[in-house]
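In the working numbering, the protein residues as written are 227 to 804.
What follows is the structure, given as structure tokens:
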């Protein structure tokens, strides 16, 4: 059995919210504020519910599939309900827009309950340091939830108290206000008061490293480059973390809480077996499945093809051009990079997929050139119980991400592209591919991998500079290493390049559609003009799937960079303007 911080007691604080019941009979067994908060165990139980909100599907599970369709890493078919995100036609009543807002604020509410009760019940702690540690964890989680709200919705309603009466109505604050008033102060406190490690039985609790890394990310998003670089460097120089030996180690239930992990949400199929994976800690009296439902959206599953999240041709070609270094000992017979093998599966992929040779797997239709592997159960079958449950933990922060964010911060702060290349190459070396330094030594520069060789015939080499390395970091390294991990749209938005990327990839898409006959030249059905199994490098099946036409046409920065505030929040909170 895995050590998990997920034996949550979820009913306690929801019950505390129930008021206004005009019953004449008093229940002597009821949990109230007068009967709770009387022991340190009560506070730890309460803290566990704050952690429990991480498991909500809109925060760390299947709801993120909607967001993965924003940008350049994934497309989908028009018969899935998620298509409104791929086409940028979502609105204030869309599923993930509503669910994520509600779920994040449940987490914030739970954190505030703990933080309000701590100072008035300090006498229940035999060890004052235990109370400080609880406060630090609760404040980190409150900061994390506020960060997610602010950078998903373009601002947040600041909640640092449990609202009573008219306090429930509060204005929407800007990202800058939320950052300065809540996120940074909470993370600084957490950083100063959290341990570097916890005992093995407490795996999953927030550490100093998580607080420091998120503080660095907060500064990065605020364009405070030197502060960001300093925080990331502290994490790196602490030597608490190292890249896991293989990319797949970050997306397997067998290698969780590994040396690369900084912040991850735990899941397990051992709890509440048989419950649907989408039911996670979401009502008053049950803890739910405590497993993720994301596998249904990501992979084909054992008995059918769902595949909501489909890699774009752009992402697939990036992986194709991720050239293996024959001298890197991490490569052991693989013909494709280690991170391709952990992230996507093309029709000519290495190894097995759900226990079958890849070409024997049904479902290679509708223009697919590859399928998604991350966060799916493709590598094991024993836990696929027909309920779309996965016990693969969701990683929010890992060391490879910190390396790449550090590279970005030093580029912005000092144009130090040599330092940026050093940390980019650490990530590339683990993937088993040729490093930028090797390309530069051999050729005087490195390829512009984001330019499609299939469409343009070649990928020009460029000399290293702050500008060219930044372009590589943004358009190549981060999508290759971090695809389907919940970062991509936020990255494109904060860089201000979302519209440019969509327009550029629409041009590639248009070329593929116009040249479809050459791409699909292996006839599958002679009665269907243009049908084919595809040719190198992408082996697109049957048709060219249009991923960017509507998104490029619809994109409006003021409307689509951030989710709209949910309609119900606008209706019930009269201090948020329409």
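Here a beta-carbon is modelled for each residue, glycine too, at the ideal position from N, C-alpha and C.
Keep in mind the model is a prediction, meaning the values are calculated, not measured.
{"Asked": "Which residue wins for smallest C-alpha separation from residue 276, given the options 312, 336, 270?", "Found": "336"}
{"Asked": "Flag this pair as yes or no: are the beta carbons of residue 774 and residue 718 separated by less than 8 Å?", "Found": "no"}
{"Asked": "Work out the CA separation of residue 377 and residue 449 for me, nearest whole Å.", "Found": "14 Å"}
{"Asked": "CA-CA distance, residue 415 and residue 365?", "Found": "8 Å"}
{"Asked": "Could you give the distance in angstroms between the alpha-carbon of residue 237 and the alpha-carbon of residue 282?", "Found": "In this prediction, residue 237 scores a pLDDT of 35, lower than 50, which makes its location untrustworthy; no coordinate-derived value is stated."}
{"Asked": "For residue 529, count the other beta carbons within 10 Å of its own beta carbon; 16 or more makes it buried, fewer makes it exposed. Which is it?", "Found": "For residue 529, the pLDDT reaches just 48, beneath the cut-off of 50, and the residue's location in the model is therefore unreliable, although a value from the coordinates is still provided. Exposed, since its Cβ has fewer than 16 Cβ neighbours within 10 Å."}
{"Asked": "Are the Cβ atoms of residue 643 and residue 695 separated by less than 8 Å?", "Found": "yes"}
{"Asked": "So, residue 413 versus residue 369, is the Cβ gap smaller than 8 Å?", "Found": "yes"}
{"Asked": "Check whether the segment 790-803 touches the segment 724-743, counting contact only when three or more Cβ pairs, one atom from each stretch, lie closer than 8 Å.", "Found": "no"}
{"Asked": "Tell whether a beta-carbon distance below 8 Å holds between residue 807 and residue 433.", "Found": "The displayed coordinates of the chain run from 227 to 804. Any statement about residue 807 would go beyond what the structure contains."}
{"Asked": "Between 517, 485, 484, which lies nearest to residue 807 when the distance is taken from Cα to Cα?", "Found": "What is shown of the chain runs 227 to 804, which leaves residue 807 out entirely."}
{"Asked": "In terms of residues, what are the limits of the beta strand (DSSP E) holding residue 596?", "Found": "596-598"}
{"Asked": "For the putative contact between residue 492 and residue 430, defined by C-beta atoms under 8 Å, what is the C-beta separation to the nearest angstrom?", "Found": "5 Å"}
{"Asked": "In its own chain, which residues sit with a C-beta less than 7 Å from the C-beta of residue 230, not counting the 5 before and 5 after it?", "Found": "Unreliable placement is indicated for residue 230, whose pLDDT of 44 sits below 50; the coordinate value is still reported in the next sentence. Result list for residue 230: 430, 492, 494, in chain order."}
{"Asked": "Tell me whether the beta-carbon of residue 708 lies closer than 8 Å to the beta-carbon of residue 627.", "Found": "yes"}
{"Asked": "Once DSSP output is grouped into helix, strand and coil, what is the label at residue 488?", "Found": "strand"}
{"Asked": "Taking the alpha carbon of residue 686 as the point to measure from, which residue in 309, 296, 673 has its own alpha carbon closest?", "Found": "673"}
{"Asked": "Beta-carbon separation of residue 340 and residue 265 under 8 Å?", "Found": "no"}
{"Asked": "Whose C-beta lies closer than 6 Å to the C-beta of residue 285 among residues of the same chain, with five residues either side of it excluded?", "Found": "329"}
{"Asked": "Using 10 angstroms around the beta-carbon of residue 538, count the other beta-carbons present and answer buried if the total reaches 16, otherwise exposed.", "Found": "buried"}
{"Asked": "Where do the N-terminal and C-terminal ends of the alpha helix (DSSP H) with residue 620 fall, by residue?", "Found": "Taken as a continuous stretch (DSSP letters only), residue 620 belongs to no alpha helix (DSSP H), being part of the beta strand (DSSP E) at 620-624."}
{"Asked": "For residue 450, name the three-state secondary structure that DSSP assigns.", "Found": "coil"}
{"Asked": "If you measure between the beta carbons of residue 646 and residue 699, is that distance less than 8 Å?", "Found": "yes"}
{"Asked": "What residues in its chain sit with their C-beta under 8 Å from that of residue 568, if we drop five residues either side in the sequence?", "Found": "472, 473, 474, 476, 477, 599, 600"}
{"Asked": "Along the chain, which unbroken stretches of the alpha helix (DSSP H) at least 4 residues long are found entirely within the segment 533-597?", "Found": "539-546, 564-569"}
{"Asked": "May I have the straight-line CA-CA distance separating residue 802 from residue 618, to the nearest angstrom?", "Found": "38 Å"}
{"Asked": "Within 8 Å, do at least three Cβ pairs link the segment 653-663 to the segment 540-550?", "Found": "yes"}
{"Asked": "Closest by CA to residue 207, which one among 401, 667, 456?", "Found": "Missing from the structure shown is residue 207; the chain here goes from 227 to 804 and no further."}
{"Asked": "Using 8 Å as the cut-off, can you tell me whether the segment 356-365 makes contact with the segment 416-426, which would need three or more C-beta pairs spanning the two stretches below that distance?", "Found": "yes"}
{"Asked": "If you measure between the beta carbons of residue 543 and residue 703, is that distance less than 8 Å?", "Found": "no"}
{"Asked": "Hey, out of 724, 799, 594, whose CA is closest to residue 746's CA?", "Found": "594"}
{"Asked": "Short of 8 Å in beta carbon distance, which residues of its chain neighbour residue 630, apart from the five on each side in sequence? Order them along the chain.", "Found": "649, 650, 653, 699, 703, 704, 707, 708"}
{"Asked": "One question on the structure: do residue 625 and residue 426 come within less than 8 Å of each other, judged by their Cβ atoms?", "Found": "no"}
{"Asked": "Would residue 604 pass as a contact of residue 632 if the rule is Cβ separation under 8 Å?", "Found": "no"}
{"Asked": "Thinking C-alpha only, which one of 296, 345, 305 is nearest residue 322?", "Found": "296"}
{"Asked": "Note down the Cα distance separating residue 453 from residue 405, rounded to an integer number of angstroms.", "Found": "14 Å"}
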